[in-house]
Structure formats: structure tokens, C-alpha cells
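Engineer:
Protein chains in written order, with my numbering: chain G, 0 to 230; chain P, 8 to 237.
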């Protein structure tokens, strides 16, 4: 029974996609084995578990693999009923969570990557676009925090909290490397408060990659990318 | 008067466009579940105030509005329909692992297959040939993946009814005759016989058949769209 119900997570320490899954498993108190993948040298195991995308994260449960981080998070929520409900009960609220989770993961992340890959004048425009998207999220958050005061505890964390903190928990890293205030308390006050409340939780703070390690990693990635695009 | 108010409280609106396969998904799901709705045709070159208010983030169709509350993004809408009206027929399976597989392939279709069709339409000559080849490879992955993940059944249907995956895959693919006539021959029976047979099974399904955009109108629209890229 123990072998059958074994849970394995294939991840990569800087990946926010893999981080989301780690956080979800910890919140639910699910014991799991973590396998660190080197994405520059993917294991045969990873390639056989996720032949379509060849990416992390992959969750294996009962010998069966599941890929795509948001799909995995919904699977976790449906399979393990202890710990916080990642998705609320009400169908409309569930739709809102799914909408914004997808927005953070695709739109916001995309914007950040574009800024990182660009230099000069073109970059200014992309930074403005990133802020515009953040503002949209800030506006959207009003329906989640109607009194304007996000107070969070581990028992009530939801899918959107997990997704957002995985992508933006290390925002100080991005600010240091990219040189712009990713989370601006004036432009996006609600996001600022929300993130602050999330990072106050030890479980989240401890699971996110350490600041200096992340800075070194992002600098390396950006430098290699800029080098190859100007070669 | 009371009856009208009651109807308005339950009121379901769908914002879409006649050619849009994605807004078609929402209508098919609602019809399948027997949920009455009002359809609102949008002109995407001149978006209505209402659409911009209901979908300020993406400013796109489809949008579902239920009791005055809007939901955008077709896959999010489909899940909402299944959860809010849990009556039979169910769009998604009950088992969490089966659901994960359906969601995986729905995402794959939207992230790889549909953009591939656009790439083909927007390219020409040698580039287009390459795009068509790449697309058929992406479809091969879909064919093999679905066969492997849902052995012994056609995952696009659940008994006599279309399934979540069937609704998703019907978008764009079911309009292939119009695309082909407009010169964008993306679907090949030789390269993707399985997908070809799936798409034609979907085209025969009554709810899809009724919802297909009018062929000649779509051909003209596609020709106009493509001429922008030549």
C-alpha cells in the first residue's frame, strides 16, 4: 500500500512551476520524494514521464505521472482532502481563481521574461506593459480581498496564493537583476500587501529558493540569453 | 413580470462571434447540459462597451455572464459550466487522474495545435510547407498521447455525448474544409489519419454540425485574413 501510494516530484530548484507543486504538497501534508532534475541534462526518467513537453514539474502518484503545474495542483486538491482547500467550493469563485492563476502564470511571467531579454528603449515599453498587467491583477484582487486587507494563514492558503508566491516571492531578486520595482506599493498596493503577508509565513519563506542563489542563477541566465541574441 | 424577473436572475449570456470556434465551445457545452442562454454577437473590430466591461483583462470572446457575473477564458468557462450545473451529462470524468489527463490534453490543444494553424495561415511557400509539417508532428503527438492515455475508447465522446476533450478539439479543426478552400490546407488524411477520423466524427455530431460557421462566409473571411500576410 505504501509503495502504491508513493508520491514523487520531479523538479528544478529555480523553477516557479515546480515550486508551486512543492508548496501545495507541503500545505496538504503529503509525504513525497523530491528528485532534482538538471534541465541542461535531462534524465531518461523525466523524458519517459513527460515525453510531450520534457519539462518539470512532473508528479508521480500510484506509479502514474501527471504534468503541467496547474493540472497537478488541481489533481492534488482533488486527491488529498486534508489541509487547506486550494480551490474554493463556489463554482464562480473557482472560476475566478483559475482565471487569475492562469493570468499570473502565463501573462505576468511572459512579461517579466520579455523585460529580462530586452535592452534599451524597447525595454522601457515592456516594463510599462508589465506594470499594466500587474495593475490588472491588482484590480482583480479587490474581489478576493474586499476590505483591502489581505491577512493570510497557512490553513487558508489557496491556489492563487501558491501560484503568485511561487512566481513573485523572489521579486527582490528580479528587482536587483532587472533594475525595476517589480512589486511597487504605489502602483499595486493590494499586491504589495498580499505578497508581504504571504512572505511572513515560514512555510513559504523557507520553501522559496534563497535570495543570493537565485540572483546568481538569474544573472547567469540573462547574460547567456543576451549573449546568444547578440552573437 | 415575476417570471421575467426570475428568468433574468438565472440569465446566461454568451458573448461570441459567428466565426469563432472558441466561443462555439461554450455554446455547445450549454446546449449539451440543456441550459438556456442568450447569445450576443460581437464585432471584434468594434468591441462593445459591455464586452470591455465584462472582460477588461483580455478584451476577447468568449465571455459567459451568469447572473450578471462574467467569466472569461474558454477552458475556465467549461469547468464552470460543469461545476455550476452538475447535472448529466458531465463534461469531465469523475476520477482525479482521468480529469488531469483531460486537462493536460485540452491545454496541449490550445497551446500547440491552435497556434500551429495560425502559423500555417500566416505563412507562405516554403515556410508554410515547413509549418504544415511541424503541425502534423504536433498532431501525431496528440494522436499517440490520447490513444495511450484513454485506451480502448474515443476520448472525444462519452457514450452518445461529446466530452470535454471533444468540445475542445472541435475548435478550428472542425472548420478544416473552409480553411482548405481558402488555401490553408493544414489537415492531411495521410499524415494524421487518426485525427482526421476524429475530426470527421465530431463534424457529424449534431450539436457541432449545427454550430459550424457557415462555410462560404468563413471561406471569404479566411481569404481576407490571409491576404493581409501576402
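Glycine included, C-beta positions come from ideal geometry on N, C-alpha and C.
Just checking: is the beta-carbon of residue 4 of chain G within a distance shorter than 8 angstroms of some beta-carbon in chain P?
Structural biologist: Here residue 4 of chain G refers to the residue found at position 5 when the first chain is read from its first residue. By this cut-off, residue 4 of chain G is not an interface position.
Engineer: Which whole-angstrom value is the C-beta distance of residue 105 of chain G and residue 162 of chain G, which I expect to be below 8 angstroms?
Structural biologist: On the first chain, position 106 is the one that residue 105 of chain G refers to. On the first chain, position 163 is the one that residue 162 of chain G refers to. 11 angstroms between Cβ atoms; not a contact.
Engineer: Checking the sheet assignment: what are the DSSP bridge partners for residue 46 of chain P?
Structural biologist: As a position in the second chain, residue 46 of chain P is number 39, starting the count at 1. P/21.
Engineer: Answer with yes or no whether the minimum CB distance from residue 90 of chain G to chain P is below 8 angstroms.
Structural biologist: Here residue 90 of chain G is taken as the residue at index 91 of the first chain, counted from 1. Taking Cβ atoms only, chain P reaches closer than 8 angstroms to residue 90 of chain G, which makes this a yes.
Engineer: Return the CA-CA distance between residue 46 of chain P and residue 223 of chain G, expressed in angstroms with no decimal places.
Structural biologist: As a first step, residue 46 of chain P must be located in the second chain, where it is residue number 39. As a first step, residue 223 of chain G must be located in the first chain, where it is residue number 224. Looking at the two C-alpha atoms, the distance is approximately 50 angstroms.
Engineer: Note down, in chain order, every chain B residue with its Cβ under 7 angstroms from the Cβ of residue 199 of chain P.
Structural biologist: Among the protein chains of the structure shown, namely G and P, there is no chain B.
Engineer: Is any heavy atom in the ligand NAP found nearer than 7 angstroms to the beta carbon of residue 102 of chain G?
Structural biologist: Of the ligands one can find in the structure shown there are none, so the ligand NAP has no counterpart to examine.
Engineer: Give a yes or no on whether 8 angstroms exceeds the smallest Cβ distance from residue 43 of chain P to chain G.
Structural biologist: If you number the second chain from 1, residue 43 of chain P lands on position 36. Residue 43 of chain P does not count as touching chain G.
Engineer: Just to confirm, are residue 71 of chain P and residue 19 of chain P a CB contact at a threshold of 8 angstroms?
Structural biologist: As a position in the second chain, residue 71 of chain P is number 64, starting the count at 1. As a position in the second chain, residue 19 of chain P is number 12, starting the count at 1. Yes, they are a contact pair.
Engineer: What ranges does the beta strand (DSSP E) occupy inside the stretch 26-65 of chain G, keeping only unbroken runs of at least 3 residues that lie completely in it?
Structural biologist: Those beta strand (DSSP E) runs which fall completely within the stretch 26-65 of chain G and span 3+ residues are 32-35 and 57-60.
Engineer: Could you compute how far the alpha carbon of residue 198 of chain G sits from the alpha carbon of residue 206 of chain G?
Structural biologist: Here residue 198 of chain G refers to the residue found at position 199 when the first chain is read from its first residue. Here residue 206 of chain G refers to the residue found at position 207 when the first chain is read from its first residue. Rounded to the nearest angstrom, the two C-alpha atoms are 10 angstroms apart.
Engineer: Classify residue 60 of chain G: buried if its beta carbon has 16 or more other beta carbons within 10 angstroms, exposed otherwise.
Structural biologist: Sequence index remark: in the first chain, residue 60 of chain G carries index 61 (1-based). That one is buried.
Engineer: Residue 225 of chain P and residue 181 of chain P - do their beta-carbons sit closer together than 8 angstroms?
Structural biologist: Here the question's residue 181 of chain P lines up with position 174 in the second chain. Here the question's residue 225 of chain P lines up with position 218 in the second chain. Not in contact: residue 181 of chain P and residue 225 of chain P (Cβ atoms no closer than 8 angstroms).
Engineer: Say whether chain G places a C-beta atom closer than 8 angstroms to the C-beta of residue 152 of chain P.
Structural biologist: The count along the second chain starts at 1 and reaches residue 152 of chain P at position 145. Chain G, which has a Cβ nearer than 8 angstroms to the Cβ of residue 152 of chain P, makes this yes.
Engineer: For the stretch 184-204 of chain P against the stretch 163-172 of chain P, do three or more pairs of beta-carbon atoms, one drawn from each stretch, fall closer than 8 angstroms, so that the two count as touching?
Structural biologist: They do not touch, by the three-pair rule.
Engineer: With a CB to CB cut of under 8 angstroms and the five nearest residues on each side skipped, what residues in its chain are close to residue 6 of chain G?
Structural biologist: Residue mapping note: residue 6 of chain G aligns to position 7 of the first chain, counting from 1. The answer, listed in chain order, is 24, 29, 30, 31, 32, 58, 59 and 60.
Engineer: Classify residue 88 of chain G: buried if its beta carbon has 16 or more other beta carbons within 10 angstroms, exposed otherwise.
Structural biologist: Locating residue 88 of chain G in the first chain gives position 89, where the first residue counts as 1. Exposed, since its Cβ has fewer than 16 Cβ neighbours within 10 Å.
Engineer: Compare the C-beta of residue 111 of chain P against all C-beta atoms of chain G and say whether one is closer than 8 angstroms.
Structural biologist: As a first step, residue 111 of chain P must be located in the second chain, where it is residue number 104. Answer yes: the Cβ-Cβ gap between residue 111 of chain P and chain G drops below 8 angstroms somewhere.
Engineer: Using CA coordinates, which residue listed in P/41, P/77 and P/104 is at the minimum distance from residue 76 of chain G?
Structural biologist: Taking the first residue of the first chain as 1, we reach residue 76 of chain G at position 77. When only C-alpha atoms are compared, the closest one is P/104.
Engineer: Can you look up residue 179 of chain P in the DSSP assignment and give me helix, strand or coil?
Structural biologist: Counted from its first residue, the second chain places residue 179 of chain P at position 172. The answer is coil: DSSP assigns residue 179 of chain P none of H, G, I, E or B.
Engineer: Tell me whether residue 69 of chain P sits in a helix, a strand or coil according to DSSP, three-state version.
Structural biologist: As a position in the second chain, residue 69 of chain P is number 62, starting the count at 1. Looking at residue 69 of chain P - three-state DSSP - the assignment turns out to be coil, as it is neither helix nor strand.
Engineer: Pull out every residue of the stretch 205-228 of chain G whose Cβ sits closer than 9 angstroms to any Cβ of chain P, in chain order.
Structural biologist: So the list is empty, because no residue satisfies the distance condition.
Engineer: Residue 51 of chain P and residue 44 of chain P - do their beta-carbons sit closer together than 8 angstroms?
Structural biologist: Indexing the second chain from 1 puts residue 44 of chain P at position 37. Indexing the second chain from 1 puts residue 51 of chain P at position 44. Cβ atoms of residue 44 of chain P and residue 51 of chain P: not closer than 8 angstroms.
Engineer: Nearest to residue 172 of chain G by alpha carbon, out of G/194, G/215, G/132 and G/196?
Structural biologist: Mapped onto the first chain, residue 172 of chain G falls at position 173. For residue 172 of chain G, the nearest C-alpha among the options comes from G/215.
Engineer: Please report whether the beta-carbon of residue 235 of chain P lies at a distance below 8 angstroms from any beta-carbon of chain G.
Structural biologist: The count along the second chain starts at 1 and reaches residue 235 of chain P at position 228. No, no contact with chain G.
Engineer: For residue 170 of chain P, count neighbouring Cβ atoms within 10 angstroms of its own Cβ and tell me buried if that reaches 16, exposed if not.
Structural biologist: Taking the first residue of the second chain as position 1, residue 170 of chain P is located at position 163. Label assigned to residue 170 of chain P: buried.
Engineer: Chain G partners of residue 103 of chain P, CB-CB under 7 angstroms?
Structural biologist: Position 96 of the second chain, counting from 1, holds the residue named residue 103 of chain P. Per Cβ cutoff of 7 angstroms: 74, 77 and 78.
Engineer: Any beta carbon of chain P sitting closer than 8 angstroms to that of residue 0 of chain G?
Structural biologist: Stepping through the first chain from its first residue, residue 0 of chain G is reached at position 1. Per-residue confidence for residue 0 of chain G stands at a pLDDT of 42, beneath the threshold of 50, marking its modelled position as unreliable; no derived number is given.
Engineer: Residues in the stretch 108-137 of chain G with C-beta within 7 angstroms of chain P's C-beta atoms, listed in sequence order?
Structural biologist: Against chain P - using a Cβ distance shorter than 7 angstroms - the residues of the stretch 108-137 of chain G are 135.
Engineer: Alpha carbon to alpha carbon, how far is residue 100 of chain P from residue 110 of chain P?
Structural biologist: Taking the first residue of the second chain as position 1, residue 100 of chain P is located at position 93. Taking the first residue of the second chain as position 1, residue 110 of chain P is located at position 103. Cα-Cα distance, rounded: 11 angstroms.
Engineer: Using the beta-carbon of each residue, which ones in chain P are nearer than 7 angstroms to residue 102 of chain G?
Structural biologist: Sequence index remark: in the first chain, residue 102 of chain G carries index 103 (1-based). Correct list: 64.
Engineer: Check the Cβ of residue 180 of chain G against every Cβ in chain P and list those closer than 8 angstroms, keeping chain order.
Structural biologist: Taking the first residue of the first chain as position 1, residue 180 of chain G is located at position 181. Neighbours of residue 180 of chain G on chain P: none; closest Cβ ~22 angstroms, over 8 angstroms.
Engineer: Who are the near neighbours of residue 42 of chain G in its chain, counting only those whose CB is closer than 7 angstroms to its CB and skipping five residues on each side?
Structural biologist: Translated into positions along the first chain, residue 42 of chain G becomes position 43. Hits under 7 angstroms: 36.
Engineer: Please list, in chain order, all residues of the same chain as residue 126 of chain G whose beta carbon is under 7 angstroms from its beta carbon, the five residues on each side excluded.
Structural biologist: In the first chain, counting from the first residue as 1, residue 126 of chain G sits at position 127. Counting only Cβ-Cβ distances below 7 angstroms, and skipping sequence neighbours, we find 114 and 179.
Engineer: Helix, strand or coil for residue 8 of chain G, going by three-state DSSP, please let me know.
Structural biologist: Along the first chain, one-based indexing puts residue 8 of chain G at 9. Of the three classes helix, strand and coil, the one that applies to residue 8 of chain G here is strand, per DSSP.
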